[in-house]
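*Asks:*
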Amino acid sequence: NNIALVSPSATRTNLTAGTFPNFYRPIPNDGLQGPGDATYMVKTLKAKEIVVIEEKTAYGTGLAKEVVTTLKALKVKVTNIAVNEKNADYAAVVTRVSKTTNFVFVTFQDAAKSEQVAQELIKQKKKAVVFGSDGSDQPTFKTPGTYVSAFAPDVNGLPVAAAVVAAYKATYKAEVTTFGPPAYVAAQVIVEAAGRACAAGKPNDRAAVLAEIAKTNIKQTIMGNALSFTATGDVKGGRFYIFKTQADGKRKLVG
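Last residue of the sequence shown? That's 257 in this note's numbering, and every number before it is there in order.
1. DSSP state of Asn82, grouped into three classes?
2. Please report the residue range of the alpha helix (DSSP H) in which Leu65 lies.
3. Are the Cβ atoms of Ala6 and Val193 separated by less than 8 Å?
4. From Val167 to Pro183, what distance separates their C-alpha atoms?
5. Check whether the segment 53-61 touches the segment 77-84, taking contact to mean three or more Cβ pairs, one atom from each stretch, closer than 8 Å.
6. Go to Ile29, then tell me how far its beta strand (DSSP E) extends in each direction, as first and last residue.
7. Name the two residues that bound the continuous alpha helix (DSSP H) containing Arg208.
8. Of all the options Asn227, Gln248, Phe181 and Val96, which has the alpha carbon lying nearest to the alpha carbon of Ala12?
9. Could you compute how far the alpha carbon of Val157 sits from the alpha carbon of Arg98?
10. Give me, in chain order, the residues of the same chain whose beta-carbon lies closer than 7 Å to that of Gly33; leave out the 5 immediate sequence neighbours on both sides.
11. Roughly how far, in whole angstroms, is the beta-carbon of Tyr26 from the beta-carbon of Phe231, given that I think they are within contact range, below 8 Å?
12. According to DSSP, is Lys246 helix, strand or coil?
13. Just the C-alpha distance for Arg253 and Phe143, rounded to the nearest angstrom, thanks.
14. Per DSSP, what kind of secondary structure is Ala152 in: helix, strand or coil?
15. Please tell me whether Tyr243 and Leu255 are closer than 8 Å, where the distance is taken between their beta carbons.
16. Give me the Cα-Cα distance between Lys171 and Pro37, rounded to the nearest whole angstrom.
17. Classify Gly33 as helix, strand or coil using the three-state DSSP reduction.
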């Protein structure tokens, strides 16, 4: 239990329920994302009927449960469709989406699947719009008008991230996308905690590093936020960011 784990992407709610006292994350959990996305679809986008495609993985099932629970509480019509992670053809799944459905919320970890659903909806002449979670926030999901909810902002335009973004692009010849910034921050948390433990004369003490992680207090990360943790390892003041896909495939922050 003294080996620290700082995850840049694990959002399942029960990971910070007390079972893993050595677990921390600089990103918010599904308990925020699910209700937040559901509420946005209903309150802001005025959805009356929503289909949730639950990919049967630890991530997909956990997030789908949070979304469905909130949608039911908001008194909208919701249909949950569970699919296997290995499912490769979504034409049959889309046939189950009614003509009156406003949104199809997907919990895929592969953005290409989200794009396939979006294109199949168009092919079958259905008005529903795909609303994806973090796994959908990749360039392969590009149908205009779709939505994505992500646990990190687009750091490409943030002054505080400029040096890191420039170095990444120069080294890897690629764009910085959703999962990169939280991974950078997770590494920063560990490195700085280890540095403080060493400075205190405890260079080989895992418990000391873990204790320092709990004390993390970064005034501003490359994601633009201050970072400290709750007693259970969640980020304080965490939030999700909602983007809408534009005609050129780029995303615009809308919520």
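Each residue gets a CB set at the ideal place from its N, CA and C atoms; glycine is no exception. The structure displayed is predicted, hence computed values, not measured ones.
*Replies:* On the basis of the coordinates in this document:
1. For the purposes of this step, residue 82 is taken as the residue at position 80 of the sequence shown. Of the three classes helix, strand and coil, the one that applies to Asn82 here is strand, per DSSP.
2. Taking the first residue of the sequence shown as 1, we reach residue 65 at position 63. Looking at the DSSP string, the run of the alpha helix (DSSP H) that includes Leu65 is Ala60 to Ala75.
3. Start at 1 with the first residue of the sequence shown, and residue 6 comes out as number 4. Start at 1 with the first residue of the sequence shown, and residue 193 comes out as number 191. Contact: no.
4. To locate residue 167, count along the sequence shown from 1; it is residue 165. To locate residue 183, count along the sequence shown from 1; it is residue 181. Rounded to whole angstroms, Val167 to Pro183 spans 9 Å at the Cα level.
5. yes
6. Looking up residue 29 in the sequence shown gives position 27. Segment: none, Ile29 is in no beta strand (DSSP E) and carries neither H nor E.
7. Counting from one through the sequence shown, the residue named residue 208 turns up at place 206. Residues Arg208 to Ala216.
8. Taking the first residue of the sequence shown as 1, we reach residue 12 at position 10. With distances taken between Cα atoms, Ala12 lies closest to Phe181.
9. Within the sequence shown, numbered from 1, the residue matching residue 157 stands at position 155. Within the sequence shown, numbered from 1, the residue matching residue 98 stands at position 96. Cα to Cα, Val157 sits roughly 37 Å from Arg98.
10. Within the sequence shown, the letter at position 31 stands for residue 33. In chain order, Thr15 and Glu68 place their CB closer than 7 Å to the CB of Gly33, counting only its own chain and leaving out the 5 sequence neighbours on each side.
11. To locate residue 26, count along the sequence shown from 1; it is residue 24. To locate residue 231, count along the sequence shown from 1; it is residue 229. Indeed, because the Cβ distance is near 6 Å, the residues count as touching under 8 Å.
12. Here residue 246 refers to the residue found at position 244 of the sequence shown. The answer is strand: DSSP assigns Lys246 an E or B state.
13. Against the sequence shown, residue 253 aligns to sequence position 251. Against the sequence shown, residue 143 aligns to sequence position 141. If I take the Cα positions, the gap works out to 10 Å.
14. Residue 152 sits at position 150 when you count from the first residue of the sequence shown. In this structure, DSSP gives Ala152 an extended state, which the three-state scheme calls strand.
15. Counted from its first residue, the sequence shown places residue 243 at position 241. Counted from its first residue, the sequence shown places residue 255 at position 253. Yes. Within cutoff.
16. Sequence index remark: in the sequence shown, residue 171 carries index 169 (1-based). Sequence index remark: in the sequence shown, residue 37 carries index 35 (1-based). If you take the alpha carbons of Lys171 and Pro37, they lie about 35 Å apart.
17. Residue 33 sits at position 31 when you count from the first residue of the sequence shown. Three-state result, Gly33: helix.
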